[in-house]
Amino acid sequence: MTTLPTVVAVSGVTGIATGLGALPVFFRTRVTHRVYDAALGLAAGLMVAASVFGLILPGMEEGTLTAVMTGLLLGGIGLLAGNYAVPHLHAQYREWLPEGGATGDDAAAMSVSDETERSDRELSEFADPVEPGTAAASADPADPSESADAAAEREVTLRKALLIGGAITLHNAPEGLAIGVAFASGLEEVALVLAVVIGLQNVPDGFAFAVPMADTGMSNLRVIWYTTLSGLVPQVVASVFGFLLVSVAAGLFPVASGFAAGAMLAVVFRELIPSSHGHGHADAATGAFLVGFVLLVVVDAVIVV
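Start counting the sequence shown at 271; every next residue gets the next number (the working numbering).
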């Protein structure tokens, strides 16, 4: 019988994996669009396979097709509604700026709600990589004479990072819910498969959050700290909620698994695939998608056997 501390520990490790995606900030090397799009494609493949083999099929084994499909529709609609209600941006890649600029305290104090006043069109003006030698790339953030335009660009970049982090936080909740529900339903093998797959998928998620956060010149440790929290907090909270919910109301696994699968599939087709196909590297993203799908199937077979 799985206990609540076990659920917290497993979901905690899964959430911490988000912070691994921020490790490249220590090297400050330019990551190409091809690599970034491939990372998003890999995450998409993992999530699709996890939705099918880790949630939908086990849900149908434990309940009815109607229950699972009802949950799937509710999960997908709920995620889309959340996307509409919570302001955020698709993950976009741009080159890291030099160190300096907004501090970590500034980032914590800056309200995400302020961004609702800006349209995606306005923010997209800052979505392209900053070419070396331009004013924005060469300006010294510590210099009082720095232009107002460069400071404004870093401010928008920071808000953009917070919005991407908000999207990741929103998407991590159904994943944590799936882990908690599986454990509470006595499906430990399914829960472990989900934990492994979600942990793998969290790495490129963390990368998507860390890159624009690093654009602001925030310290490396703060970038990693905030990135880790974006995955750790929602997944632990959601997994505990799912575990307690099913423990109290037995028989909810089919609906809950469908709900989590629907939310994850909505993330893939609403967020990851469009973002990974926007820079002319659709083939790399598609190939990585297939690799991710195959990887999940192999992991599932190894753990279940």
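By construction, the Cβ of each residue, glycine as well, lies at the ideal position given by its N, Cα and C atoms.
One Cα belongs to T302, the other to A319, and the distance between them is close to 26 Å. Inclusion of V525 and G341 in the CB contact set at 8 Å is warranted, their separation being smaller than that value. Restricting attention to A571, S545, L566, the CA atom closest to the CA of D307 is found in S545. Where I326 is concerned, there is no enclosing alpha helix (DSSP H), because DSSP gives it neither an H nor an E. When C-beta atoms of the segment 288–298 are compared with those of the segment 479–495, three or more pairs fall below 8 Å, so the two segments count as touching. Sequence-distant partners of T334 (beyond 5 residues in either direction) whose C-beta falls short of 6 Å from its own C-beta are missing from its chain. A buried status is given to G315, since no fewer than 16 other beta-carbon atoms sit within 10 Å of its beta-carbon.
Shown here, G285 sits in a helix according to DSSP, grouped into three states. If you look at P294, you'll find it isn't in any alpha helix (DSSP H); DSSP assigns it neither H nor E. Going by DSSP, G341 is part of the alpha helix (DSSP H) stretching over 335–355. Here T288 is buried, its C-beta having at least 16 other C-beta atoms within 10 Å. Secondary structure of A531 (DSSP, three-state): helix. Under a 10 Å Cβ-count criterion, V493 is classified as buried, with 16 or more other Cβ atoms of the shown protein chains found around its own Cβ. The residues R540, in chain order, have a CB closer than 7 Å to that of N353 in the same chain once the five nearest residues on each side in sequence are set aside. Spatial neighbours of V516 in its own chain (CB-CB distance under 8 Å, excluding positions within 5 residues in sequence) are listed in chain order as G450, V451, A454, S455, L522, F523, A526. Looking only at L310, S500, L535, the smallest Cα-Cα distance to I326 is reached by L535. When rounded, the separation of the alpha-carbon atoms in G346 and L274 is 27 Å.
Secondary structure at G469: helix, using DSSP grouped into helix, strand and coil.
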